[in-house]
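Reading through the structure tokens given below for one structure.
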Amino acid sequence: MSWGTELWDQFDNLEKHTQWGIDILEKYIKFVKERTEIELSYAKQLRNLSKKYQPKKNSKEEEEYRYTACKAFLSTLNEMNDYAGQHEVVSENLTSQILAGLARYVQELKQERKSHFHDGRKAQQHIETCWKQLESSKRRFERDCKEADRAQQYFEKMDADINVTKADVEKARQQAQIRHQMAEDSKADYSSILQKFNHEQRDYYHTHIPNIFQKIQEMEERRIVRLGESMKTYAEVDRQVIPIIGKCLDGIVKAAECIDEKTDSQLVIEAYKSGFEPPGDIEFEDYTQPMKRTVSENSLSNSRGDGKAEPKFGGKPKGKLWPFIKKNKLMSLLTSPHQPPPPPPASASPSAVPNGPQSPKQQKEPLSHRFNEFMTSKPKIHCFRSLKRGLSLKLGAAPEDFSNLPPEQRRKKLQQKVDELNKEIQKEMDQREAITKMKDVYLKNPQMGDPASLDHKLTEVIQNIDKLRLEAQKFEAWLAEVEGRLPARGEQRRQSGLYDAQPAPAVNNCAQARESSPDGSYTEEQSQESEVKVLATDFDDEFDDEEPLPAIGTCKALYTFDGQNEGTISVVEGETLYVIEEDKGDGWTRIRRNEDEEGYVPTSYVEVYLDKNAKGAKTYI
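Read in our numbering, the sequence shown has 351 at position 231, and its numbers run on one by one without any break.
Spelled out as structure tokens, the structure:
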């Protein structure tokens, strides 16, 4: 089955068919291209959707994602982001594995098709030229034969006429002979051209055209095979991402299975627990004896009652009446438009309600009068102080010590603030250490930089550390107060561990200052003095190298380093040495070759292998 033998006379139809095949291939390329655009658009929309519902930083939404259900939703968003990435992979693979190859193949196919049909047209033109030559020689042979026949007839007529001279007869005879010779020549020429044409025609229909059509057939079959392979690749591209998409969906299912309603309920308790005791029962006040009414020990007038009030109901603590007072009445009792918010409480804990000397019993007054007297009295119950702070918060900004919050929530906020400050302190200390090390390198190698250029930055970092430490001391003092610890025990309180227990002396000084101060406040002068001492101790310890540093790992030299500058050490590519100090951000790593040879090399010149147990390693391995 060959186009050359079966379709020898369908040159024009084959030309149309092959052009249609190329159009089909280009149509498929366009289809794949639009599919890639759809995948990219879908991936972009999925990413935008995931980003839209991501919690915003430093917002209330971020706090809500502590709950397991919200964490599962966040995991779903992250998995959808990965899911979108797989659609991007599909688009990239379709582009690289199908579109790029098919686009080049179409151009090559067009050139090949053009070459084949050009050869076919050239063969057609040649056979047409041969045919025209054959027709021309045939017409010439036919014309010469007719002329020779007419000349022969004229000669015979002249020869039969007795009136014609002998010369005229001879002339007619010669003319007839010439015409006969011309006819013979035309006949020979026609025969030769005919043989040549028949040979060319056989070659055209049995050799040239079959070969050309066979090449066109092979070209078309390759096109069909390439189209089928592209369709298989199209399916394989999707099939390759199915396992990863399945993992994304499994991740969503796993996140959903991690939802724990009990844990969320406990988090609600931790988030909104105030730390207050619920109010107790209100005792019955007997008004049937106007002159001998007894004041209920559980009512609000108890704040100015006798110092030896006997507890009732089996010795249970007495509740507070304030949560049941109407909001508008409470606002009118507690707030004053010209009075600033009250200072932080000086008591160690909310339970330390003062029990001063009791006033002598008086005749019972109306409840509203007793409530006003209770609010204007000096020893106020802690819950009313907190509530008053909360009301003052509506009139201005939140207090720095979070005193507007209930005790439990205030403790959490203060602890969070202390942890944040400790992290900032550690960051500044790392920066100070890096600058100090860089300055030391500049001192040993002046050509690398000016040491004086780092003084301003070092001073600025030290000042930032001082400010942050003072801020941390202030919040730690408030935290100790909320946790109900005595000021003298401030140094024993849990430290963050981010900076080697350095804030502990400052906290102790702060606590002592508060303890010695009659109003429970502390002065910043004492804290600043202690901070200066701490900084001096830090610097003394930094530059006191009494013994060589232990090796914390090994390294392999990736490149040769000359080490011509002071403080550096030369290494050879492939050499293995010991690491005694990591890169602190300045781009240098301190290494040792033996007991006497050590120095700095660029971190990018070596590949470091740190030993996790290097803290207890010997100085020389």
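The beta carbon of each residue, even a glycine, is placed where N, CA and C say it ideally should be. All values reported here derive from a predicted model rather than from experimental measurement.
- Assigned with DSSP and collapsed to three states, Arg186 falls in coil, not helix or strand.
- Within the region 124–202, the complete alpha helix (DSSP H) runs of at least 4 residues fall at 131–172 and 180–184.
- Phe595 sits in a helix when the DSSP states are folded into three classes.
- With 16 or more neighbouring CB atoms inside 10 Å of its own CB, Trp598 falls in the buried class.
- By the 16-neighbour rule on beta-carbons within 10 angstroms, Met351 is exposed.
- Of the residues Ile700, Gly694 and Leu678, the one whose Cα lies closest to the Cα of Leu669 is Ile700.
- Note that the C-beta distance between Ile313 and Ser257 is below 7 Å.
- Apart from the 5 residues on each side of it in sequence, His236 sits with its Cβ closer than 8 Å to the Cβ of Ile332, Lys335, Ile336 and Met339 in its chain, given in chain order.
- In the structure shown, Leu730 falls within a strand segment according to DSSP collapsed to helix, strand and coil.
- Closest option to Tyr679, judged by alpha-carbon separation, among Gly687, Glu727, Asn685 and Glu715: Glu727.
- A direct Cα-to-Cα measurement between His326 and Cys250 gives close to 16 Å.
- In the pairwise beta carbon analysis, the region 141–152 is classified as not touching the region 192–207: fewer than three pairs are separated by under 8 Å.
- Annotation for Asp380: Thr188 place their beta carbon closer than 6 Å to its own, counting only its chain and skipping 5 residues before and after.
- Among the bridge pairs identified by DSSP, Val721 is matched with Thr709.
- It is roughly 31 Å from the alpha-carbon of Gly400 to the alpha-carbon of Ala518.
- Looking at Glu528, Gly673, Glu548 and Ala296, the one whose alpha-carbon comes closest to that of Glu601 is Glu528.
- As a beta-bridge residue in DSSP terms, Thr696 pairs with Lys676.
- Three or more pairs of CB atoms, one per stretch, sit closer than 8 Å, so the region 577–595 contacts the region 537–548.
- Straight through space, the alpha carbons of Asp279 and Lys286 are spaced by roughly 8 Å.
- A contact is defined here as three or more CB-CB pairs under 8 Å, and the region 159–167 fails this definition with respect to the region 224–233.
- When DSSP states are grouped into helix, strand and coil, Val388 belongs to the helix group.
- Of Ile711, Val373, Gln536 and Thr383, the smallest CA-CA separation from Leu194 is found for Val373.
- Rounded to the nearest angstrom, the gap between the Cα atoms of Tyr185 and Lys191 is 6 Å.
- With respect to Gly719, Thr674 sits apart: the two C-beta atoms are not nearer than 7 Å.
- Around Leu127, the same chain offers Leu134 and Phe333 as residues with beta carbons nearer than 7 Å, after the five sequence neighbours per side are excluded.
- Note: Val691 is bridge-paired with Phe681 in the DSSP secondary-structure output.
- DSSP places Glu702 outside both helix and strand once states are collapsed to three, so it counts as coil.
- Taking all protein chains in view, the Cβ of Cys378 is surrounded by fewer than 16 other Cβ atoms within 10 Å, so the residue is classified as exposed.
- Check the Cα spacing between Asp288 and each of Tyr274, Ile298 and Leu214: the tightest is with Tyr274.
- Around the beta carbon of Glu349, fewer than 16 other beta carbons lie within 10 angstroms, which makes this residue exposed.
- For the 7 Å CB-CB criterion, Pro571 and Leu563 form a contact.
- Rounded to whole angstroms, the separation of the alpha carbons of Phe317 and Gly240 is 18 Å.
- A residue is called buried when at least 16 other Cβ atoms come within 10 angstroms of its Cβ; Leu730 does not meet this threshold and is exposed.
- Within the region 235–321, not a single complete alpha helix (DSSP H) segment reaches 4 residues in length.
- Excluding five sequence positions before and after Gly569, the CB atoms of its chain that fall closer than 6 Å to its own CB belong to Tyr562, given in chain order.
- The C-alpha of Gln315 is placed about 12 Å away from the C-alpha of Asp323.
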